[in-house]
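Under our numbering, the first residue of the sequence shown is numbered 7, with each subsequent residue one higher. Everything below concerns the one structure shown next.
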Amino acid sequence: MGVNSGASVLVRQAGELIERAPGGIKLVDAVELLVAWGRANSVWPLVYATSCCAIEMMSTIAARHDLARFGYEVMRASVRQADMIILAGTINEKMAKNLVTLYEQMPAPKYIIAMGSCAISGGPFYYDSYAVVKGGDRLVPVDVYIPGCPPRPEALIQGILQLQEKIKKEGRRNPWKVRETLKVPFEDIFSKAQAEWAAREKQRDEELREAREQFKRENAASPASKPVRVKKEEFPVVPRRKPATQGISNWTLLQMIQEKFPAVEVYGHPGIIPKQVAELGSDYILDLVVPPEQYRAFAEYLKNEQSLGLDMLIQLTCVDWKESFDIVVQLLSCRDGHKLFFRSKAAKQPETGNAEMESISDLYLGAEWHEREVYDFFGVRFRNNQDMRRIFLENDFPGYPLRKDYDDPTRVVKRPY
Ligand code: SF4
């Protein structure tokens, strides 16, 4: 949590004095380390969510993903008790001023996570929208960007872990780099924001004084309004239905697949054999690496092999690893309930950074839009997709906004402290 500015000035001065004493530097390092550790593990986000991404954020807080594990669960309704805002959703122009006010009122140090394409760049509303801010970092300094539309809860958790890493390494002096004092100018923006807010409140009281007094004169006999409580209706408890089957086990799936495609490996576990897959846990979803030249044939096999029953495409997306892309596909068996991921590398062309891949939109019709989305945001073209056009952004949008090499200098906002 943020520290009162006066106290933090004292702490800084005391730190400088102790540092000069013999062995003092070790003590200061230890304190900085402890403070950074505590700060990173107790970030309290403000309740701030504006559209679809908010649903994913709520789901991250709920039981299945349980954000509380990282000390981030205490969503605060007041900026005075918060030190982080997750920009979860589209930011429109009307809200921009209020967002900046909220940011200014939060005590420092404070952090911002931009969750989803809208918060990063305006997303699908980048062009020709009179109402949408083209990225939260045009208003407030963003610390972590989480791509996706919307990003899944796992992505938000990853972003939060990245922020923790960042917080642990900041401070007046970075305790991981002994004797390297960060020359960060101290600006007391907390007191400034408090003074501005007090002035605004005073002005509002002045404006309303006459109206309030008139209301009291005219309604001297009115009792104060009191809401009437309504008794809650009672409903019988409905037992949850269990899924009929858990589907084919990871072990069996991998065995069946490797009989046909021996070069297919488990992502992150090269050389693992089907028998060992069970050790990855019952919640683990099989994630397979497929050689790029077999990508299309592999998808065909999964679609047409009746015993696998992988009849639905949940998503097709892309990861930019700088030197190449991963095309990641997630499939589900509606019939039996099991799922799997598979991914293949798409090499980048040296001049443009673009890439190409076979389309699977004729096998899984839902892939058509997902492939267009990957093209729109990453510049990967899918051969034989019948409608390979941008899907969210205009044709003349400069570049591909979710790519690592995408650059828009007008977005960079320096941190104010
Ligand atoms: S990024 Fe996508 S999911 Fe998130 S708010 Fe924007 S449109 Fe909705």
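Here a beta-carbon is modelled for each residue, glycine too, at the ideal position from N, C-alpha and C.
Since residue 67 is in the alpha helix (DSSP H), which residue starts that stretch and which ends it?
Element bounds for residue 67: 58-67.
Quick check on the contact list: which residues have their beta carbon closer than 6 Å to a heavy atom of ligand 1?
Selection output, chain order preserved: 57, 58, 59, 95, 96, 122, 123, 124, 129, 130, 155, 156.
Considering only heavy atoms of ligand 2, does any lie closer than 6 Å to the CB of residue 131?
Within the structure as shown, ligand 2 is missing, the only ligands being ligand 1.
Excluding the 5 residues flanking residue 277 on each side, which residues of the same chain have their C-beta closer than 8 Å to its C-beta?
Answer for residue 277: 271, listed in chain order.
Could you work out which residue in 375, 376, 379, 366 is closest to residue 390 when comparing CA atoms only?
Closest by alpha carbon: 366.
Would you grab the beta carbon distance between residue 116 and residue 127 for me? Rounded to a whole angstrom, and I think it's under 8 Å.
Rounded, the Cβ-Cβ distance is 22 Å, inconsistent with contact.
Look at residue 165 and residue 148 and say whether their C-beta atoms are less than 7 Å apart.
Contact: no.
Give the straight-line distance between the Cα atoms of residue 342 and residue 364, rounded to the nearest whole angstrom.
Each residue's alpha carbon lies about 28 Å from the other.
Quick one: give me the first and last residue of the beta strand (DSSP E) that residue 151 is part of.
Residues 150-152.
Taking the DSSP output, what are the residues bridged to residue 336?
Per DSSP, 321, 347.
For a test of the three-state rule: what should DSSP assign to residue 405, helix, strand or coil?
DSSP places residue 405 in coil when its eight states are reduced to three.
So is residue 338 buried or exposed if we call it buried at 16+ other beta carbons inside 10 Å?
By the 10 Å Cβ count, residue 338 comes out buried.
With DSSP run on the structure shown, which of helix, strand or coil describes residue 51?
Here residue 51 sits in strand by DSSP.
Indicate the three-state DSSP secondary structure (helix, strand or coil) for residue 81 in the structure shown.
In the structure shown, residue 81 sits in coil (DSSP, three-state: anything other than H, G, I, E or B).
Measure the beta-carbon distance from residue 152 to residue 120 and round it to whole angstroms, keeping in mind my assumption that it falls under 8 Å.
About 7 Å; that satisfies the 8 Å criterion.
According to DSSP, simplified to helix, strand and coil, what is residue 71?
Residue state, collapsed to three classes: coil.
Note down the Cα distance separating residue 409 from residue 241, rounded to an integer number of angstroms.
Their Cα atoms are separated by approximately 50 Å.
Using the rule of at least 16 other Cβ atoms within 10 Å of the residue's Cβ for burial, across every protein chain shown, is residue 413 buried or exposed?
Looking at its Cβ environment, which holds fewer than 16 other Cβ atoms inside 10 Å, residue 413 is exposed.
Can you tell me whether residue 31 is helix, strand or coil according to DSSP?
In this structure, residue 31 counts as helix in the three-state DSSP scheme.
Since I believe residue 321 is in contact with residue 336 (beta carbons under 8 Å), could you give me their beta-carbon distance rounded to a whole number of angstroms?
That belief holds up - the Cβ atoms of residue 336 and residue 321 are roughly 5 Å apart, short of 8 Å.
As an exercise, report each continuous beta strand (DSSP E) stretch of at least 3 residues that is fully enclosed by the stretch 238-308, in chain order.
Segments of the beta strand (DSSP E) lying fully in the stretch 238-308: 292-295.
Alpha carbon to alpha carbon, what distance is there between residue 402 and residue 130?
So the two alpha carbons sit approximately 14 Å from each other.
Go ahead and label residue 354 buried or exposed: buried means 16 or more other beta carbons lie within 10 angstroms of its beta carbon, across all protein chains shown.
With 16 or more other Cβ atoms within 10 Å, it is buried.
Does DSSP put residue 93 in a helix, a strand or coil?
Strand at residue 93.
Please go through the same chain and pick out, in chain order, the residues whose beta-carbon is closer than 7 Å to the beta-carbon of residue 247, but skip the five residues on each side of it.
Contacts found: none.
Apart from the five residues on each side of it in sequence, which residues of its chain come closer than 8 Å, Cβ to Cβ, to residue 26?
If we look at residue 26 and ignore the five residues flanking it on each side, it has no Cβ neighbours.
Hey, how far is the Cα of residue 28 from the Cα of residue 43?
Rounded to the nearest angstrom, the two C-alpha atoms are 25 Å apart.
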